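Protein chains in written order, with the working numbering: chain R, 74 to 184; chain V, -9 to 103. Heads up: the structure comes next, in structure tokens.
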Amino acid sequence: AQSVTQPDIHITVSEGASLELRCNYSYGATPYLFWYVQSPGQGLQLLLKYFSGDTLVQGIKGFEAEFKRSQSSFNLRKPSVHWSDAAEYFCAVGDRSDMRFGAGTRLTVKP
Amino acid sequence: EPEVTQTPSHQVTQMGQEVILRCVPISNHLYFYWYRQILGQKVEFLVSFYNNEISEKSEIFDDQFSVERPDGSNFTLKIRSTKLEDSAMYFCASRYTETGELFFGEGSRLTVL
């Protein structure tokens, strides 16, 4: 069965520091992979996605993610975090008929 | 830019009442979804819908839930007899046939008293 694991429930980083949010998945084939961000009281906004090709994908707001097939991972990174990045981040895995989300990682940004 | 729209943004209802949440997917999308998010918890898949029928549903999507695409533009989620534990944010999503990107609505917050 497909599943998504985000091992970190809550991460705190200082503004300007680098960030990496982890995502591991279990899937029968190479899935479509996504990262979404959710600000408090808001809907889900797509940050980036991977379908095929270059395993390092660039997204909006300066985020990037790297697909590592050998590790079944799709970690999200940002070199320098801004206070406005504080939000909940969800990794998602799916195919054409279904999508499953991880439990989410809450990011707190310290001044 | 095309977007998925949901109404109402917030609904308060009494336990046992029927609720219908409405969604207008992006016009040329063919796959439709409902997800829910209980406050402070993860986003949970409820149901997917394609070609006028349910293609997959989770264990959450029991007999109290139903979905419908009545007129080719709206996509509705009905909860027949709401329970306290149905209180959540419900997200509608749709996607193109050829890519996997889901476009989400802003969500409908349901509060069951």
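No residue lacks a Cβ here, since even glycine has one placed at the ideal position from N, Cα and C. This structure is a prediction, so every number in the text was calculated from the model and none was measured.
| said: What does DSSP give as the partner residue(s) for R:His83 in the beta ladder? | reply: The residue you call residue 83 of chain R lines up with position 10 of the first sequence. Note: R:His83 sits in a beta bridge opposite R:Arg179.
| message | At the 9 Å Cβ level, is R:Asp171 part of the contact set with chain V, yes or no? | response | In the first sequence, counting from the first residue as 1, residue 171 of chain R sits at position 98. For R:Asp171, the answer is yes, since a Cβ of chain V falls inside 9 Å of its Cβ.
| said: I want to verify the contact list: residues of chain R whose CB lies under 7 Å from the CB of V:Leu92, in sequence order. | reply: Position 102 of the second sequence, counting from 1, holds the residue named residue 92 of chain V. Those are Met172, listed as they occur along chain R.
| said: For a quick check, are the C-beta atoms of R:Trp156 and R:Glu93 less than 9 Å apart? | reply: The residue labelled residue 156 of chain R in the question sits at position 83 within the first sequence. The residue labelled residue 93 of chain R in the question sits at position 20 within the first sequence. Not a contact, by the Cβ cut-off of 9 Å.
| What separation, rounded to the nearest whole angstrom, lies between the Cα atoms of V:Cys13 and R:Ser145? | Reading the second sequence from its first residue, position 23 is the one you call residue 13 of chain V. Reading the first sequence from its first residue, position 72 is the one you call residue 145 of chain R. Going by the C-alpha atoms only, they are around 34 Å apart.
| field | Where the segment 115 to 148 of chain R meets chain V: residues whose CB sits under 9 Å from a CB there | value | The segment 115 to 148 of chain R vs chain V, Cβ under 9 Å: Gln115, Gly116, Leu117, Gln118, Leu119, Lys122, Phe124.
| Residues near V:Asp52 in its chain [Cβ-Cβ closer than 7 Å; skip 5 each side] | For the purposes of this step, residue 52 of chain V is taken as the residue at position 62 of the second sequence. Excluding residues within five positions, none has a Cβ falling inside 7 Å.
| query | Can you tell me the Cα-Cα spacing of V:Phe81 and V:Gln27, whole angstroms? | reply | Counting from 1 along the second sequence, the entry for residue 81 of chain V is found at position 91. Counting from 1 along the second sequence, the entry for residue 27 of chain V is found at position 37. Roughly 8 Å between the two C-alpha positions.
| So which residues on chain V does R:Ala176 lean against when the C-beta distance must stay under 7 Å? | Here the question's residue 176 of chain R lines up with position 103 in the first sequence. Neighbours of R:Ala176 in chain V, taken as residues at a C-beta separation under 7 Å, are given in chain order as Lys32.
| query | What residues in its chain sit with their C-beta under 7 Å from that of V:Glu88, if we drop five residues either side in the sequence? | reply | Taking the second sequence and counting its residues from 1, one reaches residue 88 of chain V at position 98. With a pLDDT of 46 at V:Glu88, under the threshold of 50, the predicted position of this residue should be treated as unreliable, and no value is reported.
| R:Ile133 to R:Leu120, Cα distance in whole Å? | As a first step, residue 133 of chain R must be located in the first sequence, where it is residue number 60. As a first step, residue 120 of chain R must be located in the first sequence, where it is residue number 47. Cα to Cα, the separation comes out at about 5 Å.
| request: Determine the closest residue to R:Ala138 out of R:Trp108, R:Gln115, R:Gly167, with distance taken between C-alpha atoms. | output: Position 65 of the first sequence holds residue 138 of chain R. Comparing Cα positions, the closest option is R:Trp108.
| task | Kindly provide the ranges of any beta strand (DSSP E) runs that are 3 or more residues long and lie completely inside the segment 47 to 75 of chain V, ordered along the chain. | result | 55 to 58, 65 to 69
| 6 Å CB neighbourhood of V:Thr101 in its chain, flanking five on each side removed | Position 111 of the second sequence, counted from the first residue, corresponds to residue 101 of chain V. Taken in chain order, the residues that qualify are Val2, Ser77.
| Where are the beta strand (DSSP E) runs, 3 residues long or more, that stay fully inside the segment 13 to 50 of chain V, in chain order? | List check, beta strand (DSSP E) in window: 21 to 27, 33 to 40, 43 to 47.
| DSSP state of R:Arg142, grouped into three classes? | Taking the first residue of the first sequence as 1, we reach residue 142 of chain R at position 69. In the three-state reduction of the DSSP assignment, R:Arg142 falls in the helix class.
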